[in-house]
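This report concerns only the one structure given below.
Number of protein chains: 2
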Amino acid sequence: MTMAVDAMGGDYAPNAPVEAVCQAATSFSDTRFVLIGDESQILAAVKGNLPNNVTLKHTDVVIEGDDEPVRAVRRKPESSLVLAAKMVADGEADVMVSAGNTGAIMAAGMLVIGRLPSVDRPALAPVLPTFDGRGVLLLDAGATMDASAENLVTYAYMATEYAKHVLDIENPRVGLLNVGTEDTKGNAVVKQTFSLLTQSRLNFVGNVEAREMMAGSVADVVVCDGFVGNVVLKLAEGIGLGLFSGIKDTLTSSLMTRIAGGLIRGKLRGFRDRYDWAEHGGAPFLGVAGGLIKAHGSSNARAWYMALSQGRKFIANDVLTKLSAAMEERK
Amino acid sequence: MTMAVDAMGGDYAPNAPVEAVCQAATSFSDTRFVLIGDESQILAAVKGNLPNNVTLKHTDVVIEGDDEPVRAVRRKPESSLVLAAKMVADGEADVMVSAGNTGAIMAAGMLVIGRLPSVDRPALAPVLPTFDGRGVLLLDAGATMDASAENLVTYAYMATEYAKHVLDIENPRVGLLNVGTEDTKGNAVVKQTFSLLTQSRLNFVGNVEAREMMAGSVADVVVCDGFVGNVVLKLAEGIGLGLFSGIKDTLTSSLMTRIAGGLIRGKLRGFRDRYDWAEHGGAPFLGVAGGLIKAHGSSNARAWYMALSQGRKFIANDVLTKLSAAMEERK
Numbered sequence: 165m166t167m168a169v170d171a172m173g174g175d176y177a178p179n180a181p182v183e184a185v186c187q188a189a190t191s192f193s194d195t196r197f198v199l200i201g202d203e204s205q206i207l208a209a210v211k212g213n214l215p216n217n218v219t220l221k222h223t224d225v226v227i228e229g230d231d232e233p234v235r236a237v238r239r240k241p242e243s244s245l246v247l248a249a250k251m252v253a254d255g256e257a258d259v260m261v262s263a264g265n266t267g268a269i270m271a272a273g274m275l276v277i278g279r280l281p282s283v284d285r286p287a288l289a290p291v292l293p294t295f296d297g298r299g300v301l302l303l304d305a306g307a308t309m310d311a312s313a314e315n316l317v318t319y320a321y322m323a324t325e326y327a328k329h330v331l332d333i334e335n336p337r338v339g340l341l342n343v344g345t346e347d348t349k350g351n352a353v354v355k356q357t358f359s360l361l362t363q364s365r366l367n368f369v370g371n372v373e374a375r376e377m378m379a380g381s382v383a384d385v386v387v388c389d390g391f392v393g394n395v396v397l398k399l400a401e402g403i404g405l406g407l408f409s410g411i412k413d414t415l416t417s418s419l420m421t422r423i424a425g426g427l428i429r430g431k432l433r434g435f436r437d438r439y440d441w442a443e444h445g446g447a448p449f450l451g452v453a454g455g456l457i458k459a460h461g462s463s464n465a466r467a468w469y470m471a472l473s474q475g476r477k478f479i480a481n482d483v484l485t486k487l488s489a490a491m492e493e494r495k
Numbered sequence: 165m166t167m168a169v170d171a172m173g174g175d176y177a178p179n180a181p182v183e184a185v186c187q188a189a190t191s192f193s194d195t196r197f198v199l200i201g202d203e204s205q206i207l208a209a210v211k212g213n214l215p216n217n218v219t220l221k222h223t224d225v226v227i228e229g230d231d232e233p234v235r236a237v238r239r240k241p242e243s244s245l246v247l248a249a250k251m252v253a254d255g256e257a258d259v260m261v262s263a264g265n266t267g268a269i270m271a272a273g274m275l276v277i278g279r280l281p282s283v284d285r286p287a288l289a290p291v292l293p294t295f296d297g298r299g300v301l302l303l304d305a306g307a308t309m310d311a312s313a314e315n316l317v318t319y320a321y322m323a324t325e326y327a328k329h330v331l332d333i334e335n336p337r338v339g340l341l342n343v344g345t346e347d348t349k350g351n352a353v354v355k356q357t358f359s360l361l362t363q364s365r366l367n368f369v370g371n372v373e374a375r376e377m378m379a380g381s382v383a384d385v386v387v388c389d390g391f392v393g394n395v396v397l398k399l400a401e402g403i404g405l406g407l408f409s410g411i412k413d414t415l416t417s418s419l420m421t422r423i424a425g426g427l428i429r430g431k432l433r434g435f436r437d438r439y440d441w442a443e444h445g446g447a448p449f450l451g452v453a454g455g456l457i458k459a460h461g462s463s464n465a466r467a468w469y470m471a472l473s474q475g476r477k478f479i480a481n482d483v484l485t486k487l488s489a490a491m492e493e494r495k
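Okay, here's the thing in structure tokens:
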């Protein structure tokens, strides 16, 4: 198995991806890793020797965080991100991992790798942290703005296979994000999706409200359109960051609170980590004709390692074939 | 001025509304308050004498939190909530305040009070707490699931008048909730709304992402459709509750953390209060032909008092006339 790694994307590139790849290369000696990016920067980030199963592919072109996604993918064919996608498209790699510009990663998935024949609309499926610590697979997180009920049902089928074979959930419970739990709630697309999911062979548990979704344990997979999913994701991140930073400010506001803060720092960090995106690895872009994992932009080496393990499992368990089979069966 | 108060809705009814009304009646001696609900329960909740400008209207019918909204409004015409709406419809009261079933409050607004002639779709407009402590007026929070771009523009006009004359914001900045700040972002309705708002005479500041909205100070008013708004509201509440309860658990998990917790309790509470819904009063249901304020379901006496003051200001500053004029001018 070969993994193509965009070493230049994300807040802690290239250090975090390089460290994680070196570690993963030791854990998974059967896997080949290709680090794509600025050779001198990558080598500077390597501590000790480069493992035998890691190779470099040099490029000094990078897609920046504020590049317009589709244009960047078209105009920067030599960027680390697009080169990684090309390796997957050409069969030189089985899966790519990047922590770069989310829009550009999705555009590279669509334009360079392409869709699975049975999937109209691929979907980005991050794990949203929940308060029970288990997290929920939320999709679509922003690939398709005007999704149809059919699209949402496809998301549910794809996520079910992914949850089974990568997250090791036996019979994933699928929920529909809605404004109430009653069958009749929602907008037109959501109501139609409810009816289609009820008729499907999926383990559909009905409508899920945002509040219950965050508490956790009501569903393993929650589907919504990409507009709503993206808003939910950014809101959850924004509130998490805002609250923790407010609490940090509170704890450092006086000598007494600093003393108290010292006493509880460890426990508070434990709680914060449970609500941390990094712990849940990356988001697969489901429905493209190859493995594609988007690691969180602020991934440290640990989060990168999780994303790499996830990508490896995606290929090792042949999720793509199972996902296509599920889509065919559905017809 | 007369205010009709549903004394039976909300988690702390009738105590919280009764206490708040008695206090408001003292502060606002020019205003008449009608407490609607179970007379014996209301009288039991009154401490001391009932102020002269407070009267009671007895009913023992209540709309419950889990009643189906439209059905409840139709089948319980004698409920405290519907009686309050009837007083507004009949001109016996200028404004009603309730902390009851949100759906039923909106249904009563639509079916009993009715819409302003110039407004197709009324919108619920709560203040979402933000981390700068100022809050943002978010609408629609759930009245209309499939809103058109025209509807969203109407929300922006109505909220602008409300923010000017009730929240005392001179030239309210209007933002459009979106998945990115670039002009081309969003789903079809949101893109069309962007274009209409750009052409309007409103103080439109462009697209606003959920993360920035929560940080605060990018906009005074943020518009979105009722599906998205409701999800945002419930998610924000769910995350706030989950994080604060997780922190509380952390602080009480051992003797040492309890000691530390004691040292910082006051400051932490100060921070939490800033992110508290109760501090921001109730949500007006804008676009109905009368004053209607929905107080938060978990309103204590203080939050109730804020909602009453808000309702009073809504009438005192003649927001309804200004709102209608703005809608006419727009044509």
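Taken in sequence, the protein lines are chains Y and R. With positions in the first sequence counted from 1, the corresponding number in this note's numbering is that position plus 164. With positions in the second sequence counted from 1, the corresponding number in this note's numbering is that position plus 164. We treat Cβ as the ideally placed atom computed from N, Cα and C, and that holds for glycine.
Ranked by Cα distance from residue 290 (chain R), the options R:351, R:197, R:384 are led by R:384. Residue 252 (chain Y) sits close to residue 454 (chain Y), with the two beta carbons spaced by under 7 Å.
A distance of 7 Å or more separates the beta carbons of residue 402 (chain R) and residue 337 (chain Y).
According to DSSP, residue pairing for residue 455 (chain Y) in a beta bridge involves Y:259. Assignment of residue 375 (chain Y) by DSSP, reduced to helix, strand and coil, places it in the helix class.
Chain R has no Cβ within less than 7 Å of the Cβ of residue 384 (chain Y). For residue 395 (chain Y), the closest of R:211, R:452, R:344 by C-alpha to C-alpha distance is R:344. Between the region 165 to 182 of chain R and the region 237 to 248 of chain R, the count of Cβ pairs shorter than 8 Å is three or higher; the stretches touch. Beta-bridge annotation (DSSP): residue 170 (chain R) is paired with R:200.
In the displayed model, residue 450 (chain R) falls within a strand according to three-state DSSP. Looking at the DSSP output, residue 219 (chain Y) sits in a beta bridge with Y:198.
At a cut-off of 7 Å, the C-beta of residue 216 (chain Y) has no neighbouring C-beta in chain R. Against chain R, a Cβ distance below 9 Å from residue 404 (chain Y) picks out 403, 407. With respect to chain Y, the C-beta atom of residue 295 (chain R) has a partner C-beta closer than 7 Å. Residue 177 (chain Y) sits away from residue 257 (chain Y), with the two beta carbons spaced by 7 Å or more. For residue 491 (chain Y), same chain residues with a beta-carbon under 8 Å away, outside a window of 5 residues either side, are 280, 282, 283, 318, 321, 322 in chain order. In terms of beta-carbon proximity, residue 387 (chain R) stays away from the interface with chain Y, with every pair separated by 7 Å or more. Chain Y places no beta carbon closer than 7 Å to that of residue 254 (chain R), leaving this residue out of the contacts. The region 193 to 208 of chain R makes contact with the region 217 to 235 of chain R: 3 or more CB pairs, one atom from each, lie closer than 8 Å.
Excluding sequence positions up to five before and after residue 225 (chain R), its CB lies within less than 8 Å of the CB of 240, 242, 243, 244, all in the same chain and listed in chain order. Sixteen is the threshold: since fewer than 16 other Cβ atoms of the shown chains lie within 10 Å of the Cβ of residue 211 (chain R), the residue is exposed. Contact check for residue 392 (chain Y) against residue 392 (chain R) passes: the beta carbons are separated by less than 7 Å. Within chain R, the residues 343 have their CB atoms less than 7 Å from the CB of residue 306 (chain Y), given in chain order.
Rounded to whole angstroms, the Cβ separation of residue 340 (chain Y) and residue 354 (chain Y) is 7 Å, and the two are in contact under 8 Å. Inclusion of residue 189 (chain R) and residue 217 (chain R) in the CB contact set at 7 Å is warranted, their separation being smaller than that value.
Among the bridge pairs identified by DSSP, residue 279 (chain R) is matched with R:452.
With respect to chain R, the C-beta atom of residue 228 (chain Y) has no partner C-beta closer than 7 Å.
In this chain, residue 461 (chain R) is not harboured by any alpha helix (DSSP H), its DSSP state being neither H nor E.
Distances from the alpha-carbon of residue 260 (chain Y) to those of Y:468, Y:298, Y:297, Y:235 put Y:468 closest. Secondary structure at residue 331 (chain Y): coil, using DSSP grouped into helix, strand and coil. Rounded to the nearest whole angstrom, the C-alpha separation of residue 450 (chain R) and residue 364 (chain R) is 19 Å. Per DSSP, the continuous alpha helix (DSSP H) segment holding residue 267 (chain R) begins and ends at 266 to 272. For residue 394 (chain R), the chain Y residues whose Cβ falls inside 7 Å of its Cβ are 343, in order along the chain.
At least one beta carbon of chain R lies nearer than 7 Å to the beta carbon of residue 421 (chain Y).
By the Cβ rule, the region 417 to 430 of chain R counts as touching the region 412 to 432 of chain Y, because three or more pairs are nearer than 8 Å. Between the C-alpha atoms of residue 165 (chain Y) and residue 185 (chain Y) there is a straight-line separation of about 14 Å.
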